[in-house]
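Chains as they are written, first to last, in my numbering: chain A, 821 to 1046; chain B, 821 to 1046; chain C, 821 to 1046; chain D, 821 to 1046; chain E, 821 to 1046; chain F, 821 to 1046.
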């Protein structure tokens, strides 16, 4: 039986969705259909808290339409917008790019450095790690100071590398996380320049969602202690 | 000069807004006008993550209308919906009921027990404490298993007290936090029955907002490290 | 191109290897060959620290023979024996059952309860979580008080369930982890009785190893800060 | 009814008490009398652990004289001398400058940088944060390398600013805390130069004490778990 | 050369000093003279924060008299009164009973349960552990609900054992700490009844002070980062 | 009665054993015989995880031969190989160099900087601190980039000092730990150059083992919670 995983890009930039689709390509197999969709109602990029908060409404609307239509969902944005709400409304597993990748680093037994778009993201990322009890696996979080639009320009690689090297040299990062799903296209270049693994959150989250499908690890009902 | 603090109740239940207004009453003085408003577009109560997420849009719309019109804002809901977004869009201080109260407990040098509406809230509260780096001040979080509607019924006090006593006896709580702004009316009764302080998040958050007005502690721009 | 993942059961009990093979079966596909092997030189079960320590030598010898012969390795034992040494000696990704599962729980945004064989395992598990910076995701760890041999007996389910219910009711566990790869056969029964996901460490670790193969996330060289 | 809050400066330097009185001035209103007193028996400044320890005796003696005479007390010194003892002996709320300010930062959802007088204070501040479970909200603590006497000299501002900029640039501080109540007079200048809020511990602690008066949050009896 | 270690009992109860002297007896050897003294100016027992704070003055006075007269000092009280001040004023090593014992448990790789006199001590002990960064080694802290005077009565053993068994059974304590130096005489009985080690803080702290003498580990000057 | 403590150097380099014997010399007295042995079957130095893992087998064999023959054992290697296994198989106290020294720093109320041989050791050290719940006492861990063989060369002191000064100046270390027992011979020089205590793990661990002999603190049986 073929299972269906939807990877939703909550921003409306098609190029990012295409990059995500390339990133998860290796995971596709005869039993797993991965459908990468663009949230048409989303903003061009999710840079601010407001972007992250306001996109949840459209995401929920979108998810209503996919109810009963998929076996798991990945929200492919490093701000994990709407992940808890989608878990609550759907029985199927839901994974967010950031939470999934931080957990994966824990599984590797490493400390991670996160490359962020803007310095404003750093506090948001740290809060998300704290919320998930994963602060202990963060070596550092540094900004490349680029916009989502800049990521379409090949020159962005130099800014990403500068942040990468500081994370490795000053913060002791053993692996790197691309702190925006739109950075996907630079993962090989950063890995090759730094010599350490560069985790692509879209692929990692999609893989974990696939695991949940295979293991029937549906979203647990909240509230174990009654 | 009179300063203006708005306390917004993000659910649409007027009774809750009235209770909040009573709770913050002592803080009003000749220099401080506290305006307690009900978010008409909000849900009847904020019980689920979806409630908390979807109310942010209406909150932001509401805040646009108050721009330049107030000196600080308190979101009087223990799920702190939209707090980060409001901070981002407004220059003025913004405080959320939960974060403010947890910080206040830290200032008291105590460990707190939180009385929650539903067991589903417990994980959300713990995540919020982790996000703020305040996990260390929580003694426990236990559910009274009541709805927002139940809070209008005087019989709810017994359920709150059962949770309160377990927090004190089993978890070592030194102060109690009412984990829903609609529980405000029971604060005196719970304090008197348990003999320890029972913090009312609306009052605590409003006081902290007032402090920020006095000290000109505007919301800091995100991203100190550039 | 077909990739090859070896799952090594470091104890010599064939039945456990067969159960592991059943557990990872859903992950097999036309591009991924999963070879579950039994470490003939291992002990019957890994219950003590001595068992966990002494099996590393045979594991390393075994891994020497597989060098260049596989794309990733999973050590399917909740004590993660030899994982760091194998990472050091091999370029390919190596995942251990415990570390992988704890990280996966972090990715789910949950708190986990671990069902252990013996009370002696609890301290070892807590130390492992601390070493990986993952203490924050543990709700509790309780012993079922069974031996590896007992796990062959269907009556063991009652003991596992007793631990499971205490983890849920007293510790607030939202998902359960089977703290021994030999408990795999009970995962469906425990999930169905408790109504929450029961993670099978063999499947979770194998999935993460597969992700690493797909993403080319080789083991990072130790020592980022020079 | 007018309530009475006493802010006690535990060092004997009148200039510091005057600065504190200016700092808390905005909080005064028709219902709140704030009486800033100098502890005549205190040392000229509290720089060492010995200073902090030996001042507790005179503070307790002083507090005996104020028993029944006030509604709350603030110890306006960033070493929080005697705070726990005063809480124990008095029914009324007692707040210390450091603990209050750290909690306030948690309420703001920020990470704070502390500007200390001397490097010897740093370890003491970190220990105090750890004792209160507030380590998670500290971004850093750096010394301006000034004495209490230096603070009377306008040239001290440059040293404070140097520490401030390092806290922001290297440690990621989002708000700053003046780690000595005698630094109060520089708060506006540091805020204006750095562009981020600079918390004045005297004002913050006094505001929190006022909240406790309003909410009747008396000091809880120690020992919830019996 | 004979070295001289002074163990100061900061309460004035001679019986406690005698018990401490018996506890440290095994450490005495031809090169080490251990002088157990009673602080005549101390209170009968140190039960409250006020007791702990007010005894620092007399302790400092006493220490002035011993300056140049000893090679190390142990403050034999589980509230560690004055330890930081004595470190500051003396070049020689100074160890406190609580901090030393918590560190020793960390060295054993265990989690400890603390038996406290009164429930009021529990919060103080937790704060002390947090201040030293040692929260992670505490399994629990439970009160035996006895006074220092009660400790002279053999019947106290039952109360200590009740706390001990709860620490083991409910909190997972692997070793026990006597949370008052006056409990010393019961250490063998509690160890024999529970079957796990019962640490005597006086002996542990004295041994660590001896280590510091041998290794010339004088109190470090505060303020490494300048 | 003379007690017998064995300090086992798990590497086969005799020079290191001799240095260790010199380091623990001050602890020897008429009641304590300290026997420093070299593990003939060990590697020349323990630099890698593989070294640390593979030496456990020979260590266990060696310990079998010493059963009933000693009152306590110290494993004098900063990777603490086999410590948990030896604890499990022997009733007597067993201390490892790293765990003991980290606990000792906690007892001193300080933050420590660790000087490591190679950058590959840093992650291993951090994991060990996390496993023991002692992360909170680490200021930093920096590599001197030397081999065990280099330690025989007096020129190594410069590399150690460079790491030492960075730990003090950048990480705020108040005491230093020699992160390899073979660095023992440089302890005085580093202490004298930096002006802060330099802890020798062999001496610290041996002293703690002696304490355990005196207090009869045998290794606790694992598994308090049944």
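For every residue, glycine included, the Cβ atom is placed at its ideal position computed from N, Cα and C.
Remember, predicted model here, so these are calculated numbers, not experimental data.
Name the residue from the options whose alpha carbon lies nearest to the alpha carbon of residue i.
| i | options | result |
| --- | --- | --- |
| residue 858(F) | 874(F), 932(F), 830(F) and 877(F) | 830(F) |
| residue 1024(D) | 1020(B), 1031(B) and 893(B) | 1031(B) |
| residue 866(E) | 838(E), 1041(E), 940(E) and 1040(E) | 940(E) |
| residue 885(C) | 847(C), 828(C), 988(C) and 922(C) | 828(C) |
| residue 938(C) | 932(C), 958(C), 970(C) and 1028(C) | 970(C) |
| residue 1035(F) | 1008(E), 1039(E) and 833(E) | 1008(E) |
| residue 854(E) | 862(E), 861(E), 843(E) and 860(E) | 843(E) |
| residue 960(C) | 983(C), 972(C) and 837(C) | 983(C) |
| residue 888(E) | 1027(E), 840(E), 928(E) and 913(E) | 913(E) |
| residue 903(D) | 874(E), 922(E) and 840(E) | 874(E) |
Closest Cβ-Cβ distance between residue i and chain D: below 9 Å?
| i | result |
| --- | --- |
| residue 1024(A) | no |
| residue 930(B) | yes |
| residue 913(B) | yes |
Kindly indicate if chain B contains any beta-carbon less than 9 Å away from that of residue i.
| i | result |
| --- | --- |
| residue 934(E) | no |
| residue 967(A) | no |
Let me know the secondary structure DSSP gives residue i once reduced to three states.
| i | result |
| --- | --- |
| residue 866(B) | coil |
| residue 1001(E) | helix |
| residue 837(B) | helix |
| residue 1045(C) | Here residue 1045(C) scores only 33 on pLDDT, less than 50, and its place in the model is too uncertain to base an answer on. |
| residue 855(F) | strand |
| residue 1018(D) | strand |
| residue 1039(F) | coil |
| residue 902(A) | coil |
| residue 975(E) | coil |
| residue 1034(A) | helix |
Just grab the DSSP bridge partners of residue i for me.
| i | result |
| --- | --- |
| residue 889(F) | Answer is none; residue 889(F) lacks a bridge partner. |
| residue 932(B) | 958(B) and 995(B) |
| residue 823(C) | 852(C) |
| residue 895(D) | 828(D) and 916(D) |
| residue 963(B) | 936(B) |
Should residue i be flagged as near chain A, meaning a C-beta pair shorter than 9 Å?
| i | result |
| --- | --- |
| residue 851(F) | no |
| residue 942(F) | yes |
| residue 946(F) | yes |
| residue 846(C) | yes |
Would residue i pass as an interface residue toward chain C - the criterion being a Cβ-Cβ separation below 9 Å?
| i | result |
| --- | --- |
| residue 895(F) | no |
Return no unless some Cβ of chain F is closer than 9 Å to the Cβ of residue i.
| i | result |
| --- | --- |
| residue 1037(C) | no |
| residue 1003(E) | no |
| residue 1045(C) | Confidence is the limiting factor: at residue 1045(C) the pLDDT is only 33, short of 50, which leaves the residue's position unreliable, though a coordinate-based value still follows. Chain F, which has a Cβ nearer than 9 Å to the Cβ of residue 1045(C), makes this yes. |
Going along chain F in order, which residues have a C-beta closer than 9 Å to the C-beta of residue i?
| i | result |
| --- | --- |
| residue 910(E) | Within 9 Å Cβ-Cβ: nothing; residue 910(E) doesn't reach chain F, min ~14 Å. |
So which residues on chain A does residue i lean against when the C-beta distance must stay under 7 Å?
| i | result |
| --- | --- |
| residue 971(C) | Near residue 971(C) there are no residues of chain A at all, since even the closest Cβ is about 19 Å away, more than 7 Å. |
Give me the chain A residues within the contact set of residue i, using Cβ-Cβ distance strictly less than 8 Å, ordered along the chain.
| i | result |
| --- | --- |
| residue 995(C) | 1037 and 1040 |
Residues of chain D with CB closer than 7 Å to the CB of residue i, please, in chain order.
| i | result |
| --- | --- |
| residue 905(E) | 869, 870 and 873 |
Residue i versus chain B: which residues are under 9 Å apart at the beta carbon?
| i | result |
| --- | --- |
| residue 880(A) | 870, 873 and 874 |
Using the beta-carbon of each residue, which ones in chain C are nearer than 9 Å to residue i?
| i | result |
| --- | --- |
| residue 961(A) | Going along chain C, no residue has its Cβ under 9 Å from residue 961(A), so there is no contact; the nearest lies around 15 Å. |
Answer yes or no: does any C-beta atom of chain E fall closer than 9 Å to that of residue i?
| i | result |
| --- | --- |
| residue 956(B) | yes |
| residue 864(B) | no |
| residue 992(B) | yes |
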